[in-house]
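Taking the working numbering, the leading residue of the sequence shown gets 380, the next gets one more, and so forth.
Even glycine gets a Cβ: it sits at the ideal position worked out from N, Cα and C.
Just so you know, these numbers come straight off a predicted model, no measurement behind them.
Take a look at the structure set out below.
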Amino acid sequence: MNDSEKDFAELLKRKSVFIFDLDDTLVDLENINRLAFKTIFKKNLGQDLTNHEYTSMLQGPPSRQGIENYLKYKKIKGFDGDALHKEFREIKSTELTENFEGNVELRKCANLLLQEIKRSGRISVLATSTVREFTKIILNGFNLETYFRLILTSEDVVNGKPDPEIYNKVIEILRVEKEEAIVFEDSHAGIASALASGIYTVGYKNPGINDEYVGKADFAIDSFCQILYLMG
(Lines of atoms letter the chains of each structure in order from A and count residues from 1; the text may use other names and numbers.)
(Lines give C-alpha, C1' and ligand atoms only; values in the text may rest on other atoms or scores of the structure.)
Protein backbone atom coordinates (compact mmCIF):
# COMPACT_ATOMS: atom_id res chain seq x y z
CA MET A 1 0.00 0.00 0.00
CA ASN A 2 1.52 3.33 -1.07
CA ASP A 3 1.22 6.61 0.85
CA SER A 4 -1.77 7.92 -1.12
CA GLU A 5 -3.62 4.64 -0.53
CA LYS A 6 -2.79 4.79 3.18
CA ASP A 7 -4.18 8.33 3.38
CA PHE A 8 -7.29 7.28 1.49
CA ALA A 9 -7.77 4.25 3.75
CA GLU A 10 -7.70 6.58 6.77
CA LEU A 11 -10.22 8.86 5.08
CA LEU A 12 -12.57 5.91 4.43
CA LYS A 13 -12.68 5.20 8.16
CA ARG A 14 -14.25 8.63 8.69
CA LYS A 15 -16.97 8.19 6.06
CA SER A 16 -20.42 7.00 7.08
CA VAL A 17 -22.40 7.79 3.90
CA PHE A 18 -21.41 6.12 0.61
CA ILE A 19 -23.12 7.65 -2.43
CA PHE A 20 -23.08 5.80 -5.74
CA ASP A 21 -23.88 6.80 -9.29
CA LEU A 22 -25.55 3.97 -11.23
CA ASP A 23 -24.86 3.87 -14.99
CA ASP A 24 -21.24 2.90 -15.72
CA THR A 25 -20.25 3.26 -12.05
CA LEU A 26 -22.16 0.65 -10.05
CA VAL A 27 -23.21 -1.22 -13.18
CA ASP A 28 -21.85 -1.33 -16.72
CA LEU A 29 -24.51 -0.01 -19.09
CA GLU A 30 -22.10 1.33 -21.68
CA ASN A 31 -23.38 -0.87 -24.50
CA ILE A 32 -27.06 -0.01 -24.02
CA ASN A 33 -26.67 3.74 -23.61
CA ARG A 34 -24.24 4.16 -26.46
CA LEU A 35 -26.37 1.96 -28.75
CA ALA A 36 -29.54 3.91 -27.99
CA PHE A 37 -27.94 7.30 -28.62
CA LYS A 38 -26.17 6.12 -31.76
CA THR A 39 -29.38 4.68 -33.13
CA ILE A 40 -31.58 7.74 -32.64
CA PHE A 41 -29.00 10.20 -33.97
CA LYS A 42 -28.18 8.14 -37.05
CA LYS A 43 -31.79 7.33 -37.86
CA ASN A 44 -33.30 10.77 -37.27
CA LEU A 45 -30.41 13.19 -37.85
CA GLY A 46 -28.04 11.27 -40.10
CA GLN A 47 -25.28 11.88 -37.56
CA ASP A 48 -22.56 9.42 -36.52
CA LEU A 49 -21.94 9.74 -32.78
CA THR A 50 -18.25 9.95 -31.85
CA ASN A 51 -16.68 8.75 -28.60
CA HIS A 52 -15.78 12.33 -27.64
CA GLU A 53 -19.36 13.51 -28.20
CA TYR A 54 -20.74 10.64 -26.15
CA THR A 55 -18.43 11.07 -23.16
CA SER A 56 -18.51 14.88 -23.09
CA MET A 57 -22.22 15.50 -23.72
CA LEU A 58 -24.29 12.38 -23.17
CA GLN A 59 -22.62 10.34 -20.44
CA GLY A 60 -23.60 11.61 -16.99
CA PRO A 61 -26.46 14.10 -17.35
CA PRO A 62 -30.10 12.98 -17.67
CA SER A 63 -30.66 11.55 -21.17
CA ARG A 64 -33.12 14.30 -22.16
CA GLN A 65 -30.59 16.95 -21.17
CA GLY A 66 -27.85 15.07 -23.03
CA ILE A 67 -29.92 15.10 -26.21
CA GLU A 68 -30.31 18.88 -25.92
CA ASN A 69 -26.54 19.19 -25.42
CA TYR A 70 -25.97 17.23 -28.61
CA LEU A 71 -28.48 19.19 -30.69
CA LYS A 72 -26.93 22.48 -29.58
CA TYR A 73 -23.41 21.23 -30.29
CA LYS A 74 -24.44 20.13 -33.79
CA LYS A 75 -26.38 23.40 -34.26
CA ILE A 76 -29.50 21.46 -35.18
CA LYS A 77 -32.59 23.61 -34.70
CA GLY A 78 -36.28 22.90 -34.99
CA PHE A 79 -35.99 19.23 -34.08
CA ASP A 80 -38.25 17.65 -31.49
CA GLY A 81 -35.98 16.66 -28.62
CA ASP A 82 -38.89 15.06 -26.79
CA ALA A 83 -39.50 12.69 -29.71
CA LEU A 84 -35.82 11.72 -29.73
CA HIS A 85 -35.92 11.12 -25.99
CA LYS A 86 -39.04 8.97 -26.28
CA GLU A 87 -37.31 6.82 -28.88
CA PHE A 88 -34.17 6.62 -26.71
CA ARG A 89 -36.24 5.35 -23.77
CA GLU A 90 -38.03 2.80 -25.95
CA ILE A 91 -34.72 1.35 -27.16
CA LYS A 92 -33.24 1.28 -23.66
CA SER A 93 -36.37 -0.29 -22.19
CA THR A 94 -36.35 -3.03 -24.81
CA GLU A 95 -32.67 -3.81 -24.25
CA LEU A 96 -33.09 -3.87 -20.46
CA THR A 97 -36.17 -6.07 -20.41
CA GLU A 98 -35.44 -8.46 -23.27
CA ASN A 99 -31.73 -9.07 -22.71
CA PHE A 100 -30.86 -7.89 -19.21
CA GLU A 101 -28.14 -10.46 -18.53
CA GLY A 102 -26.44 -9.81 -21.85
CA ASN A 103 -26.53 -6.02 -21.57
CA VAL A 104 -26.02 -5.16 -17.90
CA GLU A 105 -23.07 -6.17 -15.74
CA LEU A 106 -22.62 -5.44 -12.05
CA ARG A 107 -19.18 -4.01 -11.34
CA LYS A 108 -16.71 -6.39 -9.73
CA CYS A 109 -16.95 -6.39 -5.91
CA ALA A 110 -19.89 -3.94 -5.97
CA ASN A 111 -22.19 -6.39 -4.20
CA LEU A 112 -19.55 -7.23 -1.60
CA LEU A 113 -18.91 -3.54 -0.93
CA LEU A 114 -22.61 -2.82 -0.43
CA GLN A 115 -22.80 -5.78 1.95
CA GLU A 116 -19.82 -4.50 3.94
CA ILE A 117 -21.25 -0.97 4.17
CA LYS A 118 -24.52 -2.38 5.52
CA ARG A 119 -22.74 -4.81 7.88
CA SER A 120 -20.69 -1.98 9.37
CA GLY A 121 -23.78 0.13 10.06
CA ARG A 122 -23.00 2.74 7.46
CA ILE A 123 -25.32 4.13 4.78
CA SER A 124 -25.47 3.50 1.04
CA VAL A 125 -27.22 5.98 -1.25
CA LEU A 126 -27.96 5.88 -4.98
CA ALA A 127 -27.88 9.22 -6.83
CA THR A 128 -28.45 8.63 -10.53
CA SER A 129 -29.34 10.55 -13.68
CA THR A 130 -31.29 7.50 -14.83
CA VAL A 131 -35.10 7.67 -14.71
CA ARG A 132 -36.93 5.80 -11.97
CA GLU A 133 -38.31 3.13 -14.34
CA PHE A 134 -34.86 1.98 -15.48
CA THR A 135 -33.35 2.36 -12.03
CA LYS A 136 -35.87 -0.10 -10.57
CA ILE A 137 -35.31 -2.60 -13.39
CA ILE A 138 -31.54 -2.55 -12.81
CA LEU A 139 -31.68 -2.71 -9.01
CA ASN A 140 -34.25 -5.51 -9.05
CA GLY A 141 -32.18 -7.40 -11.63
CA PHE A 142 -29.31 -7.63 -9.15
CA ASN A 143 -31.39 -7.63 -5.92
CA LEU A 144 -29.70 -4.42 -4.76
CA GLU A 145 -32.57 -2.18 -3.70
CA THR A 146 -32.53 -3.24 -0.04
CA TYR A 147 -28.95 -2.01 0.38
CA PHE A 148 -29.86 1.64 -0.17
CA ARG A 149 -31.23 3.91 2.54
CA LEU A 150 -32.06 6.52 -0.10
CA ILE A 151 -32.51 6.41 -3.89
CA LEU A 152 -32.66 9.61 -5.95
CA THR A 153 -33.18 9.62 -9.72
CA SER A 154 -33.31 12.30 -12.40
CA GLU A 155 -37.01 12.69 -11.60
CA ASP A 156 -36.22 13.86 -8.06
CA VAL A 157 -34.28 16.98 -9.07
CA VAL A 158 -34.85 20.07 -11.19
CA ASN A 159 -31.27 20.41 -12.35
CA GLY A 160 -29.38 17.33 -13.54
CA LYS A 161 -25.67 16.66 -13.37
CA PRO A 162 -23.24 18.49 -13.68
CA ASP A 163 -25.34 20.66 -11.37
CA PRO A 164 -24.68 19.52 -7.76
CA GLU A 165 -28.37 19.53 -6.81
CA ILE A 166 -28.74 15.76 -6.50
CA TYR A 167 -25.78 15.46 -4.12
CA ASN A 168 -26.81 18.47 -2.08
CA LYS A 169 -30.25 16.92 -1.78
CA VAL A 170 -28.77 13.69 -0.37
CA ILE A 171 -27.05 15.66 2.38
CA GLU A 172 -30.22 17.64 3.10
CA ILE A 173 -32.49 14.59 3.31
CA LEU A 174 -30.13 12.52 5.48
CA ARG A 175 -29.22 15.52 7.65
CA VAL A 176 -25.54 14.71 7.66
CA GLU A 177 -22.42 16.80 7.10
CA LYS A 178 -20.69 16.69 3.72
CA GLU A 179 -17.52 15.62 5.48
CA GLU A 180 -19.25 12.36 6.44
CA ALA A 181 -19.98 11.44 2.82
CA ILE A 182 -18.09 10.07 -0.16
CA VAL A 183 -19.25 9.87 -3.80
CA PHE A 184 -18.39 7.31 -6.51
CA GLU A 185 -18.76 8.64 -10.07
CA ASP A 186 -17.45 7.87 -13.55
CA SER A 187 -18.69 10.49 -16.03
CA HIS A 188 -17.46 14.00 -16.74
CA ALA A 189 -20.79 15.50 -15.66
CA GLY A 190 -21.06 13.24 -12.63
CA ILE A 191 -17.59 13.97 -11.32
CA ALA A 192 -18.15 17.70 -11.86
CA SER A 193 -21.47 17.48 -10.02
CA ALA A 194 -19.98 15.69 -7.01
CA LEU A 195 -16.98 18.01 -6.79
CA ALA A 196 -19.21 21.08 -7.02
CA SER A 197 -21.22 19.79 -4.06
CA GLY A 198 -18.10 19.79 -1.91
CA ILE A 199 -18.28 16.06 -1.16
CA TYR A 200 -15.13 13.93 -1.46
CA THR A 201 -15.28 12.37 -4.92
CA VAL A 202 -13.87 9.05 -6.14
CA GLY A 203 -13.61 8.53 -9.89
CA TYR A 204 -14.29 5.04 -11.26
CA LYS A 205 -11.88 4.35 -14.12
CA ASN A 206 -13.39 3.18 -17.40
CA PRO A 207 -10.29 2.73 -19.60
CA GLY A 208 -10.62 4.24 -23.04
CA ILE A 209 -13.76 6.13 -22.04
CA ASN A 210 -13.07 8.52 -19.17
CA ASP A 211 -9.25 8.68 -19.25
CA GLU A 212 -9.28 12.43 -19.96
CA TYR A 213 -11.18 13.51 -16.86
CA VAL A 214 -11.33 10.75 -14.22
CA GLY A 215 -8.16 12.22 -12.73
CA LYS A 216 -10.09 15.36 -11.80
CA ALA A 217 -11.71 13.42 -8.97
CA ASP A 218 -10.13 13.52 -5.50
CA PHE A 219 -9.10 9.88 -5.88
CA ALA A 220 -9.49 7.30 -8.67
CA ILE A 221 -10.04 3.55 -8.46
CA ASP A 222 -9.86 0.63 -10.88
CA SER A 223 -12.61 -1.37 -9.17
CA PHE A 224 -14.64 -1.59 -5.98
CA CYS A 225 -12.37 -4.43 -4.88
CA GLN A 226 -9.82 -1.71 -4.18
CA ILE A 227 -12.24 0.00 -1.77
CA LEU A 228 -12.93 -3.28 0.03
CA TYR A 229 -9.21 -3.89 0.42
CA LEU A 230 -8.55 -0.39 1.75
CA MET A 231 -11.46 -0.65 4.18
CA GLY A 232 -9.59 -3.63 5.65
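Which residue marks the beginning of the beta strand (DSSP E) containing residue i, and which one marks its end?
i	result
ALA506	502-506
ALA560	560-564
PHE458	Looking at the DSSP string, PHE458 is not in any beta strand (DSSP E), and its letter there is neither H nor E.
MET530	Note on identity: in this sequence residue 530 is Ile, with Met being the wrong assignment. Taken as a continuous stretch (DSSP letters only), the beta strand (DSSP E) holding ILE530 covers 527-531.
Exposed or buried, which one is residue i when buried takes at least 16 other CB atoms within 10 Å?
i	result
PRO543	buried
ASP601	exposed
VAL540	It is worth fixing the name first, because residue 540 is Lys in this sequence and not Val. Flag for LYS540 reads buried.
THR335	This structure does not reach residue 335, given that the chain is present from 380 up to 611, and the question cannot be answered.
PRO440	buried
LYS471	buried
HIS633	There is simply no residue 633 to check, as the chain begins at 380 and stops at 611 in what is shown.
TYR526	buried
GLY569	buried
ALA462	exposed
Since residue i is in the alpha helix (DSSP H), which residue starts that stretch and which ends it?
i	result
TYR579	Note, TYR579: premise wrong, no alpha helix (DSSP H); beta strand (DSSP E) at 579-583.
LEU401	First-last for LEU401: undefined, no H or E at that position.
ILE517	511-520
Please look up how many angstroms separate the CB atoms of residue i and residue j, rounded, as I've assumed it's under 8 Å.
i	j	result
GLU564	GLY582	6 Å
LEU553	LEU529	7 Å
Please list, in chain order, all residues of the same chain as residue i whose beta carbon is under 7 Å from its beta carbon, the five residues on each side excluded.
i	result
GLY445	MET436, LEU437
HIS464	SER442, ARG443, ILE446
LYS417	LEU428
Among the residues of its own chain, which have a CB less than 8 Å from the CB of residue i, if the five just before and after it don't count?
i	result
PHE458	ASN423, LEU424, LEU450
Residues in the same chain with beta-carbon distance under 6 Å from residue i, minus the five sequence neighbours each way, listed in chain order, please.
i	result
SER576	PRO543, TYR546, ASN547
Using a Cβ-based criterion (distance less than 7 Å to any ligand heavy atom), does residue i qualify as near the ligand FMN?
i	result
LYS548	Absence of the ligand FMN from the depicted structure is noted, as is the absence of any ligand whatsoever, leaving it without description.
Quiz item: Per the contact definition of three or more C-beta pairs closer than 8 Å, is the stretch 512-521 in contact with the stretch 477-492?
Solution: yes
Item checked: Stretch-stretch touch, CB-based, cutoff 8 Å, three pairs: the stretch 507-514 with the stretch 391-411 -> yes
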